[in-house]
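Structure, as structure tokens:
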Amino acid sequence: MSEKSYMSGNSEVKSDFCVSYSTENSGELNINIQSKTAILHGSKLKSITEKTLSDLGIKSGNLTIIDNGGQYFVLQARIEASVKAANSKLKTESLPDFKQHSQYKSFRDRFRRSRLYLPGNQAKLMLNAGIHQPDAIILDLEDSVAPDEKDVARLIVRNALRTLDFFGAERMVRINQGKIGLKDLEEIVPQNVHLILVPKVENAKQLNEVDDKIQQIRKDCGRKEPVFLMPILESATGILNSLEIAKASKSNVAIAIGLEDYTADIGVQRTNKGLESLFARSQVVNAARSAGIQAIDTVFSDVNDEDGLRTSVQEAKELGFEGKGCIHPRQIKPVHEELAPSESEIEKAKKIIRAFVEAEAKGQGVVSLDSKMIDPPVVKRAQNTINLAVATGLVPKNWKRN
Amino acid sequence: MGQKLKLVKNTAGRMVPTMVNGVQSIPFKGIGKYIPKGSKAAPPIRACQDFPTSGDKVVSSLKEALEKCKINNGMTISNHHHFRNGDLVMNQVFNTLSKMGKKNLRWFPSASFPCHEPMIQHMENGVIHHIEGSLNGSLGEYASKGKMNGLAVLRSHGGRWQAVQDGEVHIDIAIIAAPTADSFGNCTGDRGPSACGLLGFGLVDSLYADYVIVVTDNLVKFPCIPWQIQGNNVDHVVVLDKIGDPDKIVSGTTRLTKSPDRLYIAELTAEFVKAAGIMQDGFSFQAGAGGTALAFAIYLRELMKEAGVKARFIRAGSTKYLVEMLEEGLTDYILDGQTFDLEGVRSMRENSGHINTSPFTSYNWHGKGNFASILDTVVLGATEVDLNFNANVVTHSDGQMLHGIGGWQNCLFSKCTILPIPSFRNRIPIIVDEVTTLVGPGELIDVIVTERGIAINPKREDLIKATKRSGLPIRKIEEIKKEVDEMVGGPLEKPEFTNEVVGVVKWVDGTVIDSIFKVKQ
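Quick mapping for you: the protein sequence lines, in order, are chains A and B.
Counted from 1, the first sequence has number 413 at position 381 by our numbering; the numbering is strictly sequential.
Counted from 1, the second sequence has number 95 at position 89 by our numbering; the numbering is strictly sequential.
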């Protein structure tokens with residue numbers, strides 16, 4: 033006799049799988065795979081299914097798979113999710129190979145101009161995401177994932193982190209709030225995630241809880257590389273505590289602002305002009321600067337309005353932000369272009385660096401340009417400007433030779 | 007039934023039959039290697055004294071027209087496909103033929119569409135023996151299963167003209183649906199309630215068929231000006247209430263792709279055309295109506311404006327985007343083969359720079375030259391490409407016949423043939439070791455543009471050199487294949503084919519380049 037059936041996925045969704053599993057008292061294992069491309073994929077579907085069940089230690093039950101063209105790592109995740117929904121005590125897991133191209137490292141001071149949000153349960157959007165060359169890719173487990181997909185999204189993201197090539201983009205995951213968020217970390221931290229976005233942070237304690245959990249998992253799984261943090265401030269309290277939050281952890285590399293929730297919290301409409309969030313945005317920039325980390329702006333949500341996006345990025349740049357959230361790959365290029373330094377900024381930076389190099393060569397302790405003295409932070413900012421110009425393709429790498 | 011035929015290996019290494027639907031066929035010999043001889047086919051001699059001196063050739067019904075054309079069992083009935091999925095004529099023609107008790111007819115359309123699904127019933131009942139023309143959707147599925155009595159013969163638009171001129175296909179009765187016509191049979195496609203733009207695909211039928219019937223729902227007083235089909239070639243005119251569904255003939259708006267990957271592919275393609283030095287004052291290009299091709303035209307337009315470059319002509323499939331380029335002065339002419347949206351139809355009617363053409367001018371193998379080879383670049387699609395740049399457009403990797411060739415093979419003769427294609431669809435990689443069906447030989451395919459990089463045919467050293475320092479992601483085709491295979495889970499399993507042939511693919515010169523075999527279920 034078969035028991036209640038646990039389903040993962042939707043049989044109507046293209047480029048995905050829909051899996052359902054029920055335990056079977058008779059001890060039999062029945063696998064039923066329906067695929068329109070069985071002629072091309074039949075034996076591979078069968079072998080991946082059998083391997084997944086054997087990884088999980090499942091020897092009986094009724095498993096039905098509807099193949100609508102998803103990737104195999106998604107099939108693995110959906111089988112694992114429905115089997116675990118039926119056996120809540122099951123601790124085994126089925127991991128795809130950890131590919132070489134998924135093991136590159138990140139570093140603290142890298143650019144985070146654009147970060148592309150992708151729903152954690154929609155693997156088809158992840159496959160080519162890196163090709164559009166965002167500075168970072170965020171596999172989102174929070175707002176873009178419906179409650180009934182939370183468990184499987186965690187596994188899909190885990191598997192994606194092991195399998196997919198993001199072509200050098202920083203590998204970020206936005207976890208859920210509270211306890212589910214800590215559960216997310218258990219699956220994600222061992223998979224070479226570079227940075228965790230922590231949503232709706234309101235005080236240092238919340239952030240420390242996440243950080244402590246990460247440190248514990250790192251220790252347990254023997255991960256040496258750090259996991260960076262980017263708290264997102266999305267409420268009046270969060271904004272007012274921004275300095276405390278920014279300084280709460282050594283792992284912080286940036287703080288971000290989320291305006292949809294913030295404007296709702298202070299009870300105003302979000303406008304294109306953005307006067308209602310001027311204080312909050314300035315506050316975040318100042319807190320970030322004070323903590324020595326990056327300030328990152330919210331997303332621009334109208335995908336079809338490129339001019340609006342450009343204006344919004346210009347404004348963010350003027351306020352002191354160094355990055356912008358993207359919800360569509362077509363937003364990446366405009367963001368990079370608008371955050372690029374202007375010609376006069378570049379020229380000025382070149383002069384400063386040349387003067388610095390010259391002074392160094394002469395063994396002079398003090399750098400001066402046009403009879404003015406230049407402080408070390410100014411030199412550092414100039415170097416940043418040049419790096420940004422090189423990254424945007426405005427200045428060749430070997431500009432000093434010209 | 008698929009057919010167990012004697013097969014020989016052609017120059018491309020493909021097994022092909024030497025008899026196709028009872029006609030001796032020549033296996034593909036290589037590009038430009040087959041030399042045709044003899045004289046062209048011709049319609050029977052007629053005399054004007056046999057036609058009404060008033061010039062009025064209108065008869066009361068399709069049935070009467072068919073009877074007057076001496077319809078008989080086993081004949082070949084042809085039509086053009088300018089009404090695309092909005093055709094209301096051909097189903098009526100075959101329903102009439104069915105009621106008249108006719109059997110074993112051959113249908114010879116320039117293309118078929120999902121609206122022609124009722125033809126399956128006519129095949130089941132023996133009214134239609136088989137179809138020679140592109141087979142899409144359910145008709146393709148029917149033929150793929152070997153249920154059709156004869157072999158599917160897939161020809162390019164130019165190849166259809168060649169087959170008629172060679173006498174390989176003799177058309178007994180041509181049906182020409184015409185959005186506007188006069189009682190003499192002069193007709194045009196650019197106006198009338200069922201306007202479809204032009205009638206170029208029906209031109210060969212009007213010139214070579216034994217009998218020609220024009221069917222219209224907009225009869226105008228003689229003369230119908232302008233005309234693309236000449237009434238002097240027409241036997242009878244039939245007036246029906248409605249010959250086409252305008253919404254399905256041309257879509258009001260042309261759909262541009264929203265996929266970020268496809269937009270990126272289109273952008274890369276335009277950048278490549280610029281970097282390779284093709285985009286120069288006075289150049290020419292062709293791009294179809296697929297989402298990626300449309301986006302390519304839009305990106306190219308921006309690059310042309312930036313560089314202040316103007317084209318001499320664009321070959322089309324016209325759409326509103328190409329019409330805008332004509333109106334902005336970015337090209338002197340659109341040489342149009344078929345019109346894909348209402349803006350294209352309007353422009354053809356109103357703009358003297360928007361010219362109707364036919365496969366004769368652009369694609370025909372027996373022409374004394376054709377326009378396709380004059381084109382500086384052409385942008386096309388494909389279902390599969392292999393490591394030798396051979397490409398497939400008619401079947402999918404599972405062996406199912408799903409698309410026609412269209413003008414695809416003919417266009418390969420342009421100076422630079424570019425295939426912008428996604429590197430995979432779901433778990434199906436597009437770059438394969440060997441194409442399932444060979445439709446275009448790799449030596450004519452110059453560039454593959456995918457979202458994971460641009461692969462240039464090693465034979466085109468000039469293009470490789472020209473784009474070396476362009477900053478574009480130029481890669482080896484093998485490298486892209488490896489990357490995609492790894493992502494989607496390795497190369498595909500091969501479908502198991504029987505030795506039963508269900509269709510053949512003709513090369514532009516009429517030789518057989520490949521066979522389509524029935525898949526073992």
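We put the CB at the ideal spot given by N, CA and C, even for glycine.
Just so you know, these numbers come straight off a predicted model, no measurement behind them.
So residue i is in the alpha helix (DSSP H); what residue range does that whole segment cover?
i               : result
E112 of chain A : 104–118
S168 of chain A : One point to set straight first is that residue 168 of chain A is Ala, not Ser, in the sequence displayed. Element bounds for A168 of chain A: not the alpha helix (DSSP H) but the beta strand (DSSP E), 168–172.
T337 of chain B : First-last for T337 of chain B: 337–345, but that is the beta strand (DSSP E), not the alpha helix (DSSP H).
H507 of chain B : Sequence check: residue 507 of chain B is Val here, not His. Premise fails: V507 of chain B lies in the beta strand (DSSP E), 503–512, not in any alpha helix (DSSP H).
D87 of chain A  : 70–88
D99 of chain A  : Counting along the chain, D99 of chain A falls outside any alpha helix (DSSP H), though it belongs to the beta strand (DSSP E) covering 93–99.
N191 of chain A : 182–195
K383 of chain A : 375–393
F302 of chain B : 297–313
Q315 of chain A : 310–323
R302 of chain A : Run containing R302 of chain A: none; DSSP gives neither H nor E here.
Using a Cβ-Cβ cutoff of less than 7 Å, which residues in the same chain neighbour residue i once the five nearest sequence positions on both sides are dropped?
i               : result
R190 of chain A : E219, I220, Q223
E234 of chain A : S267, T269, G270, N273
L401 of chain A : K383, I384, A387
A236 of chain A : E276, I277, A280
A378 of chain B : S368, Y369, N416, C417, F419, S420
Tell me which residues share the same chain as residue i and place their Cβ nearer than 6 Å to its Cβ, disregarding the 5 neighbours each side in the sequence.
i               : result
G288 of chain B : R318
T96 of chain A  : S52, N64
E440 of chain B : D392
A391 of chain A : V399
A295 of chain B : G323, T325, F346
G80 of chain B  : N110
L187 of chain A : A109, E112, A113
W414 of chain B : L386, V399
Which whole-angstrom value is the C-beta distance of residue i and residue j, which I expect to be below 8 Å?
i               : j               : result
S267 of chain A : Y294 of chain A : 6 Å
K512 of chain B : G165 of chain B : 5 Å
N376 of chain B : S368 of chain B : 6 Å
D48 of chain A  : V106 of chain A : 6 Å
F207 of chain B : H87 of chain B  : 6 Å
A70 of chain A  : Q103 of chain A : Wrong, their Cβ atoms sit about 17 Å apart, outside the cutoff.
P49 of chain B  : A215 of chain B : 7 Å
I462 of chain B : T423 of chain B : With 8 Å as the limit, I462 of chain B and T423 of chain B do not qualify as a contact, their Cβ atoms being about 11 Å apart.
R194 of chain A : V225 of chain A : Between V225 of chain A and R194 of chain A the Cβ distance is about 11 Å, and since that is not below 8 Å, they are no contact.
P361 of chain A : A161 of chain A : 7 Å
Output the boundary residues of the beta strand (DSSP E) element that contains residue i.
i               : result
Q98 of chain B  : Careful: Q98 of chain B lies outside any beta strand (DSSP E), inside the alpha helix (DSSP H) at 96–105.
T124 of chain A : No beta strand (DSSP E) contains T124 of chain A, which DSSP labels as neither H nor E.
H360 of chain B : 360–362
A286 of chain A : 286–289
R145 of chain A : No beta strand (DSSP E) contains R145 of chain A, which DSSP labels as neither H nor E.
I406 of chain A : 404–406
Once you ignore the five residues that flank residue i on each side, which residues in its own chain have a CB closer than 8 Å to its CB?
i               : result
S54 of chain A  : S34, E35, K36, S37, Y38, G93, N94, A118
P435 of chain B : S429, K487, V490, D491, V494, P497, L498
N131 of chain B : S104
E403 of chain B : In the sequence on display, residue 403 of chain B carries Ser and not Glu. Only T389, E390, I434, V438, T442, L498, P501 meet the Cβ criterion.
D213 of chain B : A small fix is needed here, since residue 213 of chain B is Leu in this sequence, not Asp. Counting only Cβ-Cβ distances below 8 Å, and skipping sequence neighbours, we find P49, N239.
L332 of chain B : I320, Y339, I340, S353, N357, G359, H360
Segment contact flag, the segment 160–178 of chain A with the segment 74–87 of chain A, C-beta cutoff 8 Å, min 3 pairs: Taking a cut-off of 8 Å on C-beta distances, the segment 160–178 of chain A does not touch the segment 74–87 of chain A, as fewer than three cross pairs fall below it.
Completely contained alpha helix (DSSP H) runs for the segment 414–481 of chain B, where each covers 4 or more residues: Counting whole runs of 4 or more residues, the segment 414–481 of chain B contains the alpha helix (DSSP H) stretches 414–417, 467–472.
In chain order, each beta strand (DSSP E) run of at least 3 residues that lies wholly inside the segment 171–236 of chain B: Whole beta strand (DSSP E) segments, 3+ residues: 179–184, 217–222.
Meets three-Cβ-pair contact criterion under 8 Å: the segment 140–156 of chain A and the segment 349–358 of chain A: Verdict: yes, contact present.
Runs of alpha helix (DSSP H) wholly within the segment 245–273 of chain B (minimum 4 residues, chain order): Taken in chain order, the complete alpha helix (DSSP H) segments of 4 or more residues contained in the segment 245–273 of chain B are 252–255.
The segment 360–369 of chain B in contact with the segment 333–341 of chain B per 3-pair CB rule at 8 Å: Segments in contact, yes.
Cβ contact check for the segment 111–119 of chain A and the segment 178–190 of chain A: 3 or more pairs under 8 Å: Yes, they touch.
Inter-stretch contact (C-beta, 8 Å, three-pair minimum) for the segment 301–313 of chain B and the segment 264–277 of chain B: With contact defined as three or more Cβ pairs closer than 8 Å, the segment 301–313 of chain B and the segment 264–277 of chain B are in contact.
At least three beta-carbon pairs within less than 8 Å, the segment 345–352 of chain A to the segment 124–136 of chain A: Contact fails between the segment 345–352 of chain A and the segment 124–136 of chain A, because fewer than three Cβ pairs, one in each stretch, are under 8 Å apart.
contact_flag[the segment 15–32 of chain B, the segment 149–162 of chain B] where n(CB pairs < 8 Å) is 3 or more: The way I'd put it, the segment 15–32 of chain B does touch the segment 149–162 of chain B; three or more beta-carbon pairs between them come closer than 8 Å.
The segment 213–227 of chain B in contact with the segment 178–188 of chain B per 3-pair CB rule at 8 Å: With a cut-off of 8 Å, the segment 178–188 of chain B and the segment 213–227 of chain B count as touching, because enough Cβ pairs lie within range.
Touch test, the segment 443–452 of chain B against the segment 395–409 of chain B, Cβ-Cβ under 8 Å, three pairs minimum: They touch, by the three-pair rule.
Segment contact, 8 Å Cβ cut-off, at least three pairs: the segment 275–290 of chain A with the segment 253–264 of chain A: Cβ pair count under 8 Å is three or more, so yes.
At least 3 beta-carbon pairs within less than 8 Å: the segment 69–76 of chain B vs the segment 184–191 of chain B: Contact between the segment 69–76 of chain B and the segment 184–191 of chain B is absent, because fewer than three Cβ pairs lie under 8 Å.
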